[in-house]
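Asker: The sequence shown lines up with residues 1 to 113 when you count with the UniProt record's numbering.
Yeah, the Cβ is synthetic: ideal placement off N, Cα and C, and Gly gets one too.
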Amino acid sequence: MNLASETRKDVVILYVKEERLDAHNSTELKSAVQKLFEDGKKNVLIDLKDVRFIDSSGLGALVSGFKNAISHQGNLKLSSLQSQVKSMFELTRLHRVFEIFPSTMEAIENFQS
1 MNLASETRKD
11 VVILYVKEER
21 LDAHNSTELK
31 SAVQKLFEDG
41 KKNVLIDLKD
51 VRFIDSSGLG
61 ALVSGFKNAI
71 SHQGNLKLSS
81 LQSQVKSMFE
91 LTRLHRVFEI
101 FPSTMEAIEN
111 FQS
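Take a look at the structure:
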């Protein structure tokens, strides 16, 4: 899986550089997020602007990351969802679970408040 990361203020931004987040690559994302929380990071933002398709495995990896955040007293937020991906979150009602922001900057500002 092609992932990039950067830290702004105290937020680790994980950029998913794939068009698809599915059974073929979701375990790598799950592991990367888990490692961040295990390494003591508290604020993680996953930027999904390049992801055009997500299936149940991809959603499961994100839910796993969310649970990991809770167990480590951290926060996991999402940003920059394309319309097809946003539709999947609404269909599965996961938009009620995750804090989702239109842009990375808006999400970072929310971590600060």
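Keeping to the same chain, check which residues put their C-beta closer than 6 Å to that of D55; ignore five residues upstream and five downstream.
Answerer: D22
Asker: Enumerate in chain order the residues of its own chain whose CB-to-CB distance from E69 is below 7 Å, with the five nearest sequence positions on each side excluded.
Answerer: The question names Glu, yet the displayed sequence has Ala at residue 69. If we look at A69 and ignore the five residues flanking it on each side, its Cβ neighbours are F37, V44, N75, L76.
Asker: With a threshold of 16 other CB atoms inside 10 Å of the CB of A107, please say whether the residue is buried or exposed.
Answerer: buried
Asker: Just the C-alpha distance for S80 and K86, rounded to the nearest angstrom, thanks.
Answerer: 9 Å
Asker: Nearest to V97 by alpha carbon, out of H24, N2, M88, S83?
Answerer: From the listed residues H24, N2, M88, S83, the smallest Cα separation to V97 is found for M88.
Asker: Between which two residues does the beta strand (DSSP E) harbouring N43 extend?
Answerer: Per DSSP, N43 belongs to the beta strand (DSSP E) from 43-47.
Asker: Which residue's Cα is closest to the Cα of T92: K42, R20, K49, L59?
Answerer: L59
Asker: Pick helix, strand or coil for S79, following the three-state DSSP scheme.
Answerer: strand
Asker: Going by DSSP, name the residue or residues bridged to L29.
Answerer: Residue pairing by DSSP places L29 opposite no residue, since no beta bridge is assigned to it.
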